[in-house]
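**Student:**
Number of protein chains: 2
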Amino acid sequence: MEKIDYTSRHHQIALYAKALAHPARVAILEFLAARECCFFGNLHDVLPIAKATVSQHLSVLKESGLIQGEIKPPQVRYCINKENWDIARDLFGLFFNDLKKIECS
Amino acid sequence: MEKIDYTSRHHQIALYAKALAHPARVAILEFLAARECCFFGNLHDVLPIAKATVSQHLSVLKESGLIQGEIKPPQVRYCINKENWDIARDLFGLFFNDLKKIECS
DNA sequence: TTACTTGTTCGCAAATATACGAACTGTTCG
DNA sequence: CGAACAGTTCGTATATTTGCGAACAAGTAA
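Sequence lines, in order, name chains A and B. Under the working numbering, the first residue of the first sequence carries the number 948, and numbering increases by one thereafter. Under the working numbering, the first residue of the second sequence carries the number 948, and numbering increases by one thereafter.
1) For Q1022/B and G1016/B, what's the separation of their Cα atoms in angstroms?
2) Within its chain, find whatever has a CB closer than 6 Å to the CB of A1035/B; leave out the 5 residues flanking it on each side and keep chain order.
3) For the beta strand (DSSP E) that K1019/A lies in, which residues bound it at each end?
4) Would H1004/A and R972/A qualify as a contact pair, given that the criterion is a beta-carbon distance under 7 Å?
5) Leaving out the 5 sequence neighbours to the left and right, which residues in its chain are closer than 7 Å to V993/B when beta-carbon positions are compared?
6) So, is L976/A buried or exposed, given that buried needs 16 or more other C-beta atoms within 10 angstroms?
7) Less than 8 Å between the CB atoms is what I'm expecting for F1039/A and F986/B, so what's the real figure, rounded?
8) Just curious, the alpha helix (DSSP H) that R982/B is in, first and last residue?
9) Tell me the residue span of the beta strand (DSSP E) that contains Y1025/A.
10) Taking the alpha-carbon of N1031/A as reference, which of V1001/A, N1044/A, L1008/A has the nearest alpha-carbon?
11) Go ahead and label S1052/B buried or exposed: buried means 16 or more other beta carbons lie within 10 angstroms of its beta carbon, across all protein chains shown.
12) To the nearest angstrom, how far is the alpha carbon of P995/B from that of P970/B?
13) Rounding to the nearest angstrom, what Cα-Cα distance links D1033/A and F1042/A in this structure?
14) List, in chain order, every chain A residue whose beta-carbon is nearer than 9 Å to that of E949/B.
15) Give the straight-line distance between the Cα atoms of A1020/B and R982/B, rounded to the nearest whole angstrom.
16) Could you give the C-beta distance for A980/A and I1027/A, rounded to a whole number, given that I count them as a contact under 8 Å?
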């Protein structure tokens, strides 16, 4: 039997999933999306974690491509990266919806 | 400013995301869904990892609720858990689609 | 019974993730 | 200039994840 390699799709889904794999990051994305954009301080104010930790989670989200940050001295404004957000949405959408015949006999 | 607690939705999305956060598990789910169900051996045959590791990933997926295993001596048959799969699909669907007004000014 | 087949569990090592305070950078304000 | 403000980065501690071989458990076949 032939071993398979993980496809780039597998990797991409896994990477976006990893970005969503912590409640703080889910909350950040939700908060960001609801208000379009917001500053680091707004996020730190509502999240139950230290600012260093908030910064770290934002860093993970930035690396995943789901958000972007813009320096507006003396603050930093974060917002959803719409392009990658759409890519992630489509990846998950296809992944969850295009699997037919799911019935265990 | 009021701190928020992570909601159970945040936690649930994070948990499902964590289940998808490894290429092997994405591949397993895809493989499972394409063939409805299959045995441990089929998965081990196609995945580039040791059987102990396959078992571990299956365990993670089982705990997430996305799949279920049934012992059919001497084999174990795994398949998608449709109920939870639908829940996850809806969670991600709402999460990615119900965020309007995503534009960074 | 013994041997084999199928898959899980154990024990360990290495890598990654999470969290925080303290120190730091860069900007603004007095 | 020095103080205050907004965030990031550093260093560290702890927990979780990933991966594997070896040992194990359960069922089947001889």
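Glycine included, every Cβ here is placed at the ideal spot set by N, Cα and C.
**Tutor:** Reading from the atomic positions:
1) By one-based count along the second sequence, residue 1022/B stands at place 75. By one-based count along the second sequence, residue 1016/B stands at place 69. Rounded to whole angstroms, Q1022/B to G1016/B spans 10 Å at the Cα level.
2) Looking up residue 1035/B in the second sequence gives position 88. Only Y963 meet the Cβ criterion.
3) Working through the first sequence from its first residue, we reach residue 1019/A at position 72. Here the beta strand (DSSP E) through K1019/A covers 1014-1019.
4) Indexing the first sequence from 1 puts residue 1004/A at position 57. Indexing the first sequence from 1 puts residue 972/A at position 25. For H1004/A and R972/A, yes; Cβs fall inside 7 Å.
5) If you number the second sequence from 1, residue 993/B lands on position 46. Correct list, in chain order: F978.
6) Counting from 1 along the first sequence, the entry for residue 976/A is found at position 29. Result: buried.
7) Locating residue 1039/A in the first sequence gives position 92, counting from the first residue. Locating residue 986/B in the second sequence gives position 39, counting from the first residue. With 8 Å as the limit, F1039/A and F986/B do not qualify as a contact, their Cβ atoms being about 27 Å apart.
8) Counting from 1 along the second sequence, the entry for residue 982/B is found at position 35. It is not in any alpha helix (DSSP H) - R982/B carries neither H nor E in the DSSP assignment.
9) On the first sequence, position 78 is the one that residue 1025/A refers to. Here the beta strand (DSSP E) through Y1025/A covers 1022-1027.
10) As a position in the first sequence, residue 1031/A is number 84, starting the count at 1. With distances taken between Cα atoms, N1031/A lies closest to L1008/A.
11) Here residue 1052/B corresponds to residue number 105 of the second sequence, with the count starting at 1. Because the pLDDT at S1052/B is just 41, under 50, the model does not fix this residue reliably, and the value given afterwards should be weighed accordingly. Counting Cβ neighbours within 10 Å, S1052/B comes out exposed, since fewer than 16 surround it.
12) Working through the second sequence from its first residue, we reach residue 995/B at position 48. Working through the second sequence from its first residue, we reach residue 970/B at position 23. Rounded to the nearest angstrom, the two C-alpha atoms are 11 Å apart.
13) By one-based count along the first sequence, residue 1033/A stands at place 86. By one-based count along the first sequence, residue 1042/A stands at place 95. Each residue's Cα considered, the two are about 14 Å apart.
14) The count along the second sequence starts at 1 and reaches residue 949/B at position 2. Here the neighbours are D992, V993.
15) In the second sequence, counting from the first residue as 1, residue 1020/B sits at position 73. In the second sequence, counting from the first residue as 1, residue 982/B sits at position 35. Going by the sequence as given, residue 1020/B is Pro instead of Ala. Using only the alpha carbons, I get a separation of about 20 Å.
16) Taking the first sequence and counting its residues from 1, one reaches residue 980/A at position 33. Taking the first sequence and counting its residues from 1, one reaches residue 1027/A at position 80. So it is a contact: roughly 6 Å between Cβ atoms.
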